[in-house]
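Participant:
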Amino acid sequence: MRILLLDGSTENDTALKTTLEVIKKTLNYSNYDVKLFTLRDIKIDHCLGCLDCWYKTPGLCVISDAGKEIVRAADESDLWISLTPITYGGYSWHLKKLLDRLIVILFPLFIKIDGDIHLRRRNNKKSKVIVFGSMAAENKELEDVFKKLVSHNSINFHGKCIVKTVLGSNCTEDVIKGMVDDALMRAGVHK
Amino acid sequence: MNTKRKILILISSPKQGHKCASWIAGDMLAKALAGNNVESTIINLAALMNSEKWEENLLCAINGHENVVFSSPINNGGPPSFVIRAMDSLKKNMSKINNSKGMFAISNCGFPEARQNNSAVNIYRQFAKESGFSCLGVFAIGMGPMLMYGRGLVLTILGLNIKKAFSVAAKAIARGEAVPKRAEELISKPIIPVGMYVFKHNFDIFKNEIMFKLKGITFQAEN
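Chains as they are written, first to last, in our numbering: chain X, 1 to 191; chain U, 1 to 223.
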């Protein structure tokens, strides 16, 4: 199984730092092909919205930077694990700059899924998605906005999605380990 | 002395001009505001953020106006990454912003359903709440490309709801008040029937043979 690990956290997010360490430790015991990208340290240009990757050069992004390699890794991976501080109910800009570039792996034909129009992957591959979002304190409303966003996105990428919220204030390593184990089990990584 | 109110419209799309639905929507609002004695300054946020001193320049631009408007497309359900980055910067520097400002946002998407902007709408509202801007409202527009390709039609027959919604919004923003809910509902209505929009979109894809030749191939094709 190929696993893509996207760290969209900020430098001082201790809850996500612990989460990442736990994930790394857990996955080290298994024979998985894991690729980790710490997005805050990688220069990735934002998507130009030109849609050339749909209409002029299908499947090819006009921007040549590190984003291309990560998008390729995403397209080849069976499981995407993302970490992000929940930012206004959405992703951090570090993670978002990469997610926006994923448009290149989508085929622009409109199809109806669950009553709404969506897109599908060019290669019809299905990737499972696990997202760990951190919050300073419990906020059900914001958590709900975030969960809806992630599940909406995962429809386009044809994957089952699992969202976990890590609270910065009272998440011990044991609690985080429980969350990681549960998410990985639901994604079919752990038995 | 009757001084004109000033509104800053941040076109939050990397594209510019008439090839950009966000720009067209921002321009429509600017025109509606002009009719209400409000002066608008339109700035492309992506271009502004290309400079090294973009945080300073953004603050300076906001401080020169009473209210700020974001007009942006959605990517993956939310505003583009650089908009989130700009929001983070504004939240961090709120103490440097003079007076309390109002924020209005226009979110457009290429899908036919305006409700696909729902997450982006929530993100804008949450940003206003966390940063201290007073939220004047958020418009959610579906069928964004219709603003570009069907521009003539949108500005005449098909876009009556859009024009009316912008007119109501402009009146409220000019008074510094929240935009009425009915304007938000009006702009969310489909510009043309959903089936027709989907057919036109998919027909254009079928016409483009190269798309099908490369359908199953991703960017690996360049190797």
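Ideal Cβ placement from N, Cα and C applies to all residues, glycine included.
Bear in mind that the values here come from a model prediction, so they are computed numbers and not experimental data.
When the cut-off is 8 Å and only beta carbons count, does F37 (chain X) lie next to chain U?
Facilitator: Translated into positions along the first sequence, residue 37 (chain X) becomes position 37. By this cut-off, F37 (chain X) is not an interface position.
Participant: Does the beta-carbon of H18 (chain U) have 16 or more other beta-carbons within 10 angstroms, so that it is buried, or is it exposed?
Facilitator: For the purposes of this step, residue 18 (chain U) is taken as residue 18 along the second sequence, with counting starting at 1. Exposed, because fewer than 16 other Cβ atoms sit within 10 Å of the Cβ of H18 (chain U).
Participant: For the alpha helix (DSSP H) containing R72 (chain X), list its first residue and its last residue.
Facilitator: Along the first sequence, one-based indexing puts residue 72 (chain X) at 72. Counting along the chain, the alpha helix (DSSP H) containing R72 (chain X) begins and ends at 66-76.
Participant: Cβ of C47 (chain X) less than 8 Å from any chain U Cβ?
Facilitator: To locate residue 47 (chain X), count along the first sequence from 1; it is residue 47. C47 (chain X) counts as touching chain U.
Participant: In whole angstroms, give me the CA-to-CA distance for M1 (chain U) and V38 (chain U).
Facilitator: Taking the first residue of the second sequence as position 1, residue 1 (chain U) is located at position 1. Taking the first residue of the second sequence as position 1, residue 38 (chain U) is located at position 38. Confidence in M1 (chain U) is poor, its pLDDT being 49 and thus under 50, which makes the residue's placement unreliable; the coordinate value appears in the next sentence. Whole-angstrom Cα-Cα distance: 15 Å.
Participant: Could you compute how far the alpha carbon of P190 (chain U) sits from the alpha carbon of C135 (chain U)?
Facilitator: Here residue 190 (chain U) corresponds to residue number 190 of the second sequence, with the count starting at 1. Here residue 135 (chain U) corresponds to residue number 135 of the second sequence, with the count starting at 1. Each residue's alpha carbon lies about 25 Å from the other.
Participant: Relative to chain X, which residues along the region 113-127 of chain U have a C-beta separation below 7 Å, given in chain order?
Facilitator: Taking 7 Å as the Cβ-Cβ cut-off against chain X, the residues of the region 113-127 of chain U that qualify are E113, Q116, S119, N122, I123, Q126, F127.
Participant: Grouping DSSP H, G and I as helix and E and B as strand, with all else coil, what is R40 (chain X)?
Facilitator: Position 40 of the first sequence, counting from 1, holds the residue named residue 40 (chain X). Three-state DSSP puts R40 (chain X) in a helix.
Participant: Using a Cβ-Cβ cut-off of less than 7 Å, list which residues of the region 119-145 of chain X approach chain U; keep chain order.
Facilitator: Of all residues in the region 119-145 of chain X, R122, N123, L142, V145 have a Cβ within less than 7 Å of some Cβ in chain U.
Participant: Could you tell me if N223 (chain U) is buried or exposed, where buried requires 16 or more neighbouring beta carbons within 10 angstroms of its beta carbon?
Facilitator: As a working mapping, residue 223 (chain U) is identified with position 223 in the second sequence. Note that N223 (chain U) scores 40 on pLDDT, short of 50, meaning its location in the model is unreliable and no value can be drawn from it.
Participant: Does the Cβ-Cβ distance between V22 (chain X) and K177 (chain X) come in under 8 Å?
Facilitator: For the purposes of this step, residue 22 (chain X) is taken as residue 22 along the first sequence, with counting starting at 1. For the purposes of this step, residue 177 (chain X) is taken as residue 177 along the first sequence, with counting starting at 1. Yes.
Participant: Check each candidate in X:I42, X:D100, X:T87, X:A66 and name the one with the smallest Cα separation from C53 (chain X).
Facilitator: Residue 53 (chain X) sits at position 53 when you count from the first residue of the first sequence. Closest option to C53 (chain X), Cα to Cα, is X:D100.
Participant: Does the Cβ-Cβ distance between L39 (chain X) and L95 (chain X) come in under 8 Å?
Facilitator: Counting from 1 along the first sequence, the entry for residue 39 (chain X) is found at position 39. Counting from 1 along the first sequence, the entry for residue 95 (chain X) is found at position 95. Yes, they are a contact pair.
Participant: What runs of the beta strand (DSSP E), each 3 residues or longer, lie entirely inside the region 104-168 of chain X?
Facilitator: Entirely contained in the region 104-168 of chain X, the beta strand (DSSP E) runs reaching 3 residues are, in chain order, 106-113, 116-121, 128-135, 161-167.
Participant: Taking the straight line between their C-alpha atoms, what separation do you get for F206 (chain U) and G115 (chain X)?
Facilitator: Here residue 206 (chain U) corresponds to residue number 206 of the second sequence, with the count starting at 1. Here residue 115 (chain X) corresponds to residue number 115 of the first sequence, with the count starting at 1. So the two alpha carbons sit approximately 23 Å from each other.
Participant: Check whether chain X comes within 8 Å of K6 (chain U), counting only Cβ atoms and requiring the distance to be less than that.
Facilitator: Residue 6 (chain U) sits at position 6 when you count from the first residue of the second sequence. Cβ-Cβ to chain X under 8 Å: no for K6 (chain U).
Participant: Once the 5 residues before and after L79 (chain X) are set aside, which same chain residues still bring their CB inside 6 Å of it?
Facilitator: Counting from one through the first sequence, the residue named residue 79 (chain X) turns up at place 79. Excluding residues within five positions, the ones whose Cβ falls inside 6 Å are I3, K128, A187.
Participant: Cα separation between L147 (chain U) and V194 (chain U)?
Facilitator: Your numbering for residue 147 (chain U) matches position 147 in the second sequence. Your numbering for residue 194 (chain U) matches position 194 in the second sequence. Answer to the nearest angstrom: the Cα atoms are 15 Å apart.
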